[in-house]
Each structure stands twice: as structure tokens, then as C-alpha cells.
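Numbering (full-length UniProt numbering), first residue to last: 1 to 247.
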């Protein structure tokens, strides 16, 4: 994985941008993308699959003129403890054959690769004004008829960032990414047996204790047929501060 960092250096009154990518050791990689989830999936829940399973719907496509546009995904980067706990929960209930990525809180699902340089710059600018902050999982909820989500409190610091980037990128964003940000974890999706969905909902409500974690960075992924690869971290510049997520 790459950590995105940049410094400004002055030469005779001229400001020069210096951009660098730092390779992280494998032990520091998150469990999303081309990394395997930290817990093996154990669900045999039924789901329907088609040959075009990973073909994007029109509402999920970027608005550019580039044929076969490459897409990127922007998420929040969590501390290892919270990531492991929620990813294990997702691996338990998510249909095994669909489990391509670990648990995540997604900000944008389809950013155009043709504008990647500008997008990286915009993310970096937001990250350098951010501080790490605390979030906490809340109650599970139904996602339509076929899934279960886990609510998250404490996401206030990124709500304004998301709105700002939506305005900045509005011309190229997909219809899905133009919608209101509702940060959550997806625990189960595309399961068409109502009893299995209800069982998941009740078990998560009764057995999964609320957990707290720290958001430390933005993470940009390259989308590849359902997998997320080539992660780049945009670490927040300011020191950690605690937020009371119970309010």
C-alpha cells in the first residue's frame, strides 16, 4: 500500500510541490482489496448471481467521456482493532461467494481514473486539515429487503468534507455518489431469504457489542471487478482528539 504525502519547499520565493508515495510493510496493510479479510467467511446464505454481476449500473457510473473508465473508491481508514471486529462480523454473514472486500465506510464509490491526479490533490487538501476522530457502532438496521447494515455515530467531521467534494466533483460523479452521505457498515447484502436476513439482524442486535475506533485517514482504492486494490492512504495531519460519540 502507498501512503500519500506531500511537502511544500520554497526556492527563492517560489513554492514547489513535492509529492511522494511511501511503501508500507505488509503488516500495516488494511484488510480490504487484494488483501484477504481477517476472518474467513462462513456464510452459505443463498444469493442470485449473473454473468454481469460486476457490471456497473448506469446510476453507479461516472459521467465522463472516457470509454471503459477505470473507477476508484474512497473510504475511511480505521484503526486495526475496529477494522478486525467489524470485518469479522461481515465475514460471518456476508454471502461467501460475494465477499470481495472487508468492512468499510464508503464516501465515494466511483471516482474516475481519468481525473485521478486532480482527485488525489483534492483528497490531500482535505486530509491535511483533518484530525483523527472517534466513531462508534450503533444499532443494526435493514438495508431494503436483502441486507443488514450497522449504524455508526461520530461521523460529523467527514459529513462536511463529503458535501464539499460532491460540489467540487459534481460534473463527473455517479448518481449514487451525488446522494446524501449516510455512513455505515454493510454486514449482509443481496440475500433473498427473508428468514436469513431477519436472523442476521437479530443476532447482530443481541450479540455484537458496540465497538469504538479511530478514523485515521482517507483511503483510495482502485476498483477491479468487485475487488479493491492498490490502496493509497491520505493521513490526517492533525493530532488525535477525542470526540464524545454518545451525544
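Here a beta-carbon is modelled for each residue, glycine too, at the ideal position from N, C-alpha and C.
Treat the numbers as computed from the prediction; the structure is a model and nothing was measured.
> Below 8 Å, can you find three or more Cβ-Cβ pairs linking the region 97-115 to the region 223-238?
Replying inline: yes
> Where do the ends of the alpha helix (DSSP H) carrying residue 202 lie?
Replying inline: Taking the first residue of the chain shown as 1, we reach residue 202 at position 202. That run of the alpha helix (DSSP H) goes 194-207.
>> To test your reading of the DSSP string, which unbroken alpha helix (DSSP H) runs of 4 or more residues are found completely within the region 100-139?
In response: 116-127
> In three-state DSSP terms, what is residue 153?
Replying inline: Translated into positions along the chain shown, residue 153 becomes position 153. If DSSP states are grouped into helix, strand and coil, residue 153 belongs with the strands.
>> What does the alpha-carbon distance come out to for the pair residue 218 and residue 83?
In response: Looking up residue 218 in the chain shown gives position 218. Looking up residue 83 in the chain shown gives position 83. Distance between the alpha carbons of residue 218 and residue 83: 14 Å.
>> My output table needs one value for residue 147: the three-state DSSP class, helix, strand or coil.
In response: Here residue 147 corresponds to residue number 147 of the chain shown, with the count starting at 1. Strand.
> Taking the alpha helix (DSSP H) that residue 81 falls in, what are its first and last residues?
Replying inline: Here residue 81 is taken as the residue at index 81 of the chain shown, counted from 1. From DSSP, the alpha helix (DSSP H) with residue 81 extends over 80-93.
> Nearest-angstrom Cα distance between residue 184 and residue 65?
Replying inline: For the purposes of this step, residue 184 is identified with residue 184 of the chain shown, where counting begins at 1. For the purposes of this step, residue 65 is identified with residue 65 of the chain shown, where counting begins at 1. Straight-line Cα distance between these residues: approximately 31 Å.
> For residue 121, is the classification buried or exposed, using 16 other Cβ atoms within 10 angstroms of its Cβ as the cut-off for buried?
Replying inline: Counting from 1 along the chain shown, the entry for residue 121 is found at position 121. By the 10 Å Cβ count, residue 121 comes out exposed.
>> I need the straight-line Cα distance from residue 112 to residue 199, nearest angstrom please.
In response: Residue mapping note: residue 112 aligns to position 112 of the chain shown, counting from 1. Residue mapping note: residue 199 aligns to position 199 of the chain shown, counting from 1. Cα to Cα, the separation comes out at about 38 Å.
> For residue 177, which beta-bridge partners are listed by DSSP?
Replying inline: What you label residue 177 is simply residue 177 of the chain shown in a count that begins at 1. Paired residues: none, contrary to the question.
> Is residue 167 helix, strand or coil by DSSP?
Replying inline: Taking the first residue of the chain shown as 1, we reach residue 167 at position 167. The answer is helix: DSSP assigns residue 167 an H, G or I state.
> Looking at the unbroken beta strand (DSSP E) that takes in residue 214, where does it start and where does it end?
Replying inline: Numbered from its first residue, the chain shown carries residue 214 at position 214. Segment 212-224, the beta strand (DSSP E) holding residue 214.
> Is there contact between the region 131-146 and the region 165-176, where contact requires at least three CB pairs shorter than 8 Å?
Replying inline: Verdict: no, contact absent.
>> Could you compute how far the alpha carbon of residue 109 sits from the alpha carbon of residue 174?
In response: Along the chain shown, read from residue 1 onward, the residue named residue 109 stands at position 109. Along the chain shown, read from residue 1 onward, the residue named residue 174 stands at position 174. Cα to Cα, residue 109 sits roughly 8 Å from residue 174.
> How is residue 172 classed by DSSP in three states: helix, strand or coil?
Replying inline: One-based indexing of the chain shown puts residue 172 at position 172. In this structure, residue 172 counts as coil in the three-state DSSP scheme.
> What did DSSP end up calling residue 70 once you bin it into helix, strand or coil?
Replying inline: Translated into the one-based positions of the chain shown, residue 70 becomes position 70. Note: residue 70 maps to coil in three-state DSSP.
>> Does residue 209 pass the burial test, meaning 16 or more other C-beta atoms within 10 Å, or should it be called exposed?
In response: Numbered from its first residue, the chain shown carries residue 209 at position 209. So residue 209 ends up on the exposed side.
> Taking C-alpha atoms, which residue in 116, 150, 161, 147 lies nearest to residue 318?
Replying inline: This structure does not reach residue 318, given that the chain is present from 1 up to 247, and the question cannot be answered.
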